[in-house]
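See structure below.
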Amino acid sequence: MSLFRNLSIAALCLGLAGVAGAQKHNHQHAHVHGQMELTVAVDGPRLVIELASPLDSIVGFERAPKNDAEKKTVESALAKLRAADQLFAIDPAARCKAGDVDLRSAALGVGKAEPEAQAGHADLDATFTFECGDAAAARYIDVALFTAFKGARQIDAQIATSQGQFKRNLKRPTARLAWGK
Ligand SMILES: [Zn+2]
Numbered sequence: 000m001s002l003f004r005n006l007s008i009a010a011l012c013l014g015l016a017g018v019a020g021a022q023k024h025n026h027q028h029a030h031v032h033g034q035m036e037l038t039v040a041v042d043g044p045r046l047v048i049e050l051a052s053p054l055d056s057i058v059g060f061e062r063a064p065k066n067d068a069e070k071k072t073v074e075s076a077l078a079k080l081r082a083a084d085q086l087f088a089i090d091p092a093a094r095c096k097a098g099d100v101d102l103r104s105a106a107l108g109v110g111k112a113e114p115e116a117q118a119g120h121a122d123l124d125a126t127f128t129f130e131c132g133d134a135a136a137a138r139y140i141d142v143a144l145f146t147a148f149k150g151a152r153q154i155d156a157q158i159a160t161s162q163g164q165f166k167r168n169l170k171r172p173t174a175r176l177a178w179g180k
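Numbered per numbering that gives the first Met the number 0, the sequence shown spans residues 0 to 180.
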């Protein structure tokens, strides 16, 4: 399963990159432009959201900004990511407040990023921590990623809470990531 998955990811990246050498591939996450991966975990009083995205889905390119317009695009994207409470509206039953936001992108020189796994491509990873009155009560999150980032078309989500583990797939323009009863 995982070998097949890696092979198909490599095939996708080859198609996108069109560069020899892309077979050497050890991504943890799929790198498919337009797709983002979200992991939601409830851990005691905390709700933690991990985002892994091709940088392309967030700023429209996958390298350091080259001019003022691109620098503005990057600044604006990072500001949107830091405003976690605007990006993720968590079920009010959980009474969550946005806490730490950790952003990592080697191409942008942000955070403690891993080196890019594939030449010509770049990722942005983020961890959003929310402090909650009753984190386990959350049954949904309204995700504003499609509104914030025009390049995002699909979100593959995994949710792990005391109610169980769930996999969800959101396609633009659906915003609500819901689970449990
Ligand atoms: Zn890419």
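By construction, the Cβ of each residue, glycine as well, lies at the ideal position given by its N, Cα and C atoms.
7 Å Cβ cutoff met for residue i and residue j
| i | j | result |
| --- | --- | --- |
| Gly179 | Arg138 | yes |
| Leu46 | Ala134 | yes |
| Thr128 | Asp90 | no |
| Asp141 | Ala97 | no |
| Ile154 | Leu77 | no |
Cβ separation of residue i and residue j, assumed to be a contact under 8 Å, to the nearest whole Å
| i | j | result |
| --- | --- | --- |
| Leu50 | Asp124 | 7 Å |
| Ser56 | Ala151 | 5 Å |
| Glu61 | His120 | 5 Å |
| Leu144 | Met35 | 6 Å |
| Ile158 | Phe148 | That pair is no contact at about 21 Å. |
Residues near residue i in its chain [Cβ-Cβ closer than 6 Å; skip 5 each side]
| i | result |
| --- | --- |
| Arg167 | Ala156, Leu176 |
is_contact[residue i, chain C] using C-beta, thresh 7 Å
| i | result |
| --- | --- |
| Val142 | Note that chain C does not occur in the displayed structure, where there is just one protein chain. |
Heavy atom of ligand 1 within 6 Å of residue i beta-carbon
| i | result |
| --- | --- |
| Pro64 | no |
| Asp55 | yes |
| Glu61 | yes |
With 16 other Cβ atoms within 10 Å as the buried cut-off, status of residue i
| i | result |
| --- | --- |
| Glu113 | exposed |
| Ser161 | exposed |
Same chain, Cβ closer than 8 Å to residue i, five either side skipped, listed in chain order
| i | result |
| --- | --- |
| Cys95 | Leu46, Ile89, Phe129, Glu130, Cys131, Gly132, Ala134, Ala137 |
| Ser104 | Leu54, Gly110, Ala112, Ala121, Asp122, Leu123, Asp124 |
| Gly43 | Ala134 |
Close Cβ partners of residue i (< 7 Å) along its chain, the five nearest in sequence each way excluded
| i | result |
| --- | --- |
| Val58 | Thr72, Val73, Ala76 |
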